[in-house]
Amino acid sequence: MEINKINNIEDVKELNYSELVGLLKERNKPSGGLKSIVEVSNVCRLTKGDKILEIGSNTGFTSVNLALLNKDVEVTGIDINSNSVNESTNFAKLNHIDENVSFMVQNSEKLNFIDNEFNLVWSSNVTSFISNKKKAVEEYLRVLDFGGYLILIPIYYIKTPSSELLDKVSKAINSKIDIRTKSDWINFFYKTANNSKNCYLEKIYEKDYVYNEQTSKRMDEYCNEILDNSDLNFTTEINNEIFKKYVEHMNLFNDNLQHCGYSIIIFQKRHIKDESELFLSREV
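Next comes the structure, spelled out in C-alpha cells:
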C-alpha cells in the first residue's frame with residue numbers, strides 16, 4: 028500500500044510487515060545484522076569493480092553496508108515495494124555512498140539483468156516470501172557469474188511451532204510459512220541448480236546460529252526508538268494504530284524466533300561438481 032493511500036485505521040490494519048517497515052523507514056536487517064554482512068565480506072573478499080545484487084533490499088541496510096565494507100564495488104538492490112526503494116535511495120545518500128549503490132523496483136522472478144552480470148547475489152531469507160521459489164532461484168543463478176557467490180541466510184525451524192503461531196506469522200508477512208529445515212533449504216538450492224544443467228553450486232561456507240530471546244523492556248525500548256526516528260505525518264489516531272501494529276509484529280516475531288535458527292551459507296557458482304571428501308573434520 029502506498030503511503031498516500033493510508034486514510035484511516037482500517038488501512039493501517041491491512042498493512043503487512045514489509046509495508047510497515049517501509050512506512051516507518053526501519054532499517055530491516057538480515058539475521059545477525061551487521062555481523063553477518065562483515066562475515067560474508069571477509070569470506071568473499073570482493074575487489075574493485077565487482078558487482079553485487081541484493082534480492083529484496085527493503086530499506087537498504089544490507090546494500091549500503093555491503094558498499095561501505097567493500098570499497099569500490101557496485102551494489103544494486105531490488106525490491107517490489109516502491110516506498111522501500113525510495114527510502115533505500117535516501118539512506119545511501121545519507122551515507123555518501125549513492126555513487127556506488129542504486130535501488131530499483133523489480134520482481135525477483137523476472138530480473139531485468141543480463142546473464143552472468145553479478146559477482147555476488149545476496150538473497151538472505153527473502154526466498155521464503157517468494158511465491159515461485161524455483162523461478163526466483165533460477166534467476167539468481169542466471170545473473171550470477173561463474174566463480175561468483177550466492178549468499179543465503181535462511182531462517183528455519185528447529186522446534187515445531189503451533190499452527191496458531193504459523194498462521195499469525197504468515198498473515199503478518201503476507202506469505203504462507205512452510206516448515207523447512209536448514210537441509211531443506213540447502214537441498215532446494217542444489218536441486219534447482221542441478222536441474223538447470225548450466226551450473227553447479229559448491230557450498231564453501233556454513234555457520235549456524237540461534238536467536239536470543241528479547242525481554243519486554245528491550246522490546247519496548249527498540250519499538251519506541253524506531254517510532255521516535257520515524258516521521259509519520261498522520262492523525263494521532265492513525266499514528267497510534269501504526270505504533271500498536273508495529274509492537275504487535277515485533278512481539279510476534281520474538282515469540283516465533285524462539286523456535287528458529289538461522290545459518291550463513293555461501294555457495295559458489297561453478298561449471299562442474301567437485302569430487303566428494305572422505306576425511307571430514309570438526310572444530311575442537
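Per my numbering, the sequence shown starts with residue 28, numbered consecutively.
Glycine included, each C-beta is placed from N, C-alpha and C at the ideal position.
- Annotated three-state conformation of Val-237 is strand, per DSSP.
- Setting aside the 5 residues that flank it on each side, Arg-169 is surrounded in the same chain by Asp-142, each with a C-beta closer than 7 angstroms to its C-beta; the list follows chain order.
- Closest in alpha carbon position to Thr-219, among Ser-202, Glu-166, Tyr-289, Lys-198, is Glu-166.
- Taken atom to atom, the span from the alpha-carbon of Val-196 to that of Asp-205 is near 11 angstroms.
- Taking a contact as a CB-CB distance under 8 angstroms, the pair Ile-269 and Val-39 counts as one, their CB atoms being some 6 angstroms apart.
- Relative to the Cα of Ser-202, the nearest Cα in the group Ser-210, Thr-208, Leu-193 belongs to Leu-193.
- Following the DSSP letters along the chain, one finds Ser-115 in no beta strand (DSSP E) but inside the alpha helix (DSSP H) bounded by residues 109–121.
- Between the C-alpha atoms of Ile-231 and Leu-95 there is a straight-line separation of about 24 angstroms.
- Counting the other CB atoms within 10 Å of its CB gives Thr-103 a total of 16 or more, which places it among the buried residues.
- Shown here, Asp-172 sits in a strand according to DSSP, grouped into three states.
- Contact between the region 207–215 and the region 246–257 is absent: fewer than 3 CB-CB pairs across the two stretches fall below 8 angstroms.
- Beyond the five residues adjoining it in sequence on each side, Lys-52 comes within less than 7 angstroms, by CB distance, of Thr-86, Glu-114, Ser-257 in the same chain, given in chain order.
- The beta carbons of Gly-175 and Leu-147 sit about 6 angstroms from each other, so the pair counts as a contact at 8 angstroms.
- Around the Cβ of Val-237, a 10 Å sphere holds fewer than 16 other Cβ atoms; the residue is exposed.
- Approximately 5 angstroms separates the beta-carbon atoms of Gln-295 and Glu-229; this is inside 8 angstroms, confirming the contact.
- The beta-carbon distance between Ile-178 and Ser-155, rounded to whole angstroms, is 14 angstroms. This is too long to meet the 8 angstroms contact definition.
- Leaving aside the five residues that flank Lys-160 on each side, the residues in its chain whose CB is nearer than 6 angstroms to its CB run, in chain order, Thr-154.
- Here DSSP, grouped into helix, strand and coil, assigns Lys-78 to strand.
- Of the candidates Ser-150, Asp-125, His-286, Phe-130, the residue whose Cα lies closest to the Cα of Glu-136 is Ser-150.
- In this structure Phe-145 is in contact with Lys-78, their Cβ atoms being roughly 5 angstroms apart against a cut-off of 8 angstroms.
- Here the C-alpha atom of Cys-226 lies approximately 10 angstroms from the C-alpha atom of Tyr-217.
- A Cβ-Cβ contact shorter than 9 angstroms links Gly-59 with Ile-180.
- With a threshold of 16 other beta carbon atoms within 10 Å, Ile-185 falls short and is exposed.
- When DSSP reads this structure, Arg-297 sits in a beta bridge with Tyr-227.
- Distance from Ser-68 to Asn-97 at the Cβ level is roughly 6 angstroms; contact confirmed, criterion being Cβ atoms closer than 8 angstroms.
- The beta carbon of Glu-81 is closer than 6 angstroms to those of Thr-89, Ser-90, Gly-104, Trp-149 in its chain, skipping five residues each way along the sequence.
- The beta carbon of Phe-140 lies closer than 6 angstroms to those of Val-170 in the same chain, with the five residues before and after it left out.
- Counted as a single uninterrupted DSSP element, the alpha helix (DSSP H) harbouring Asn-251 occupies residues 243–256.
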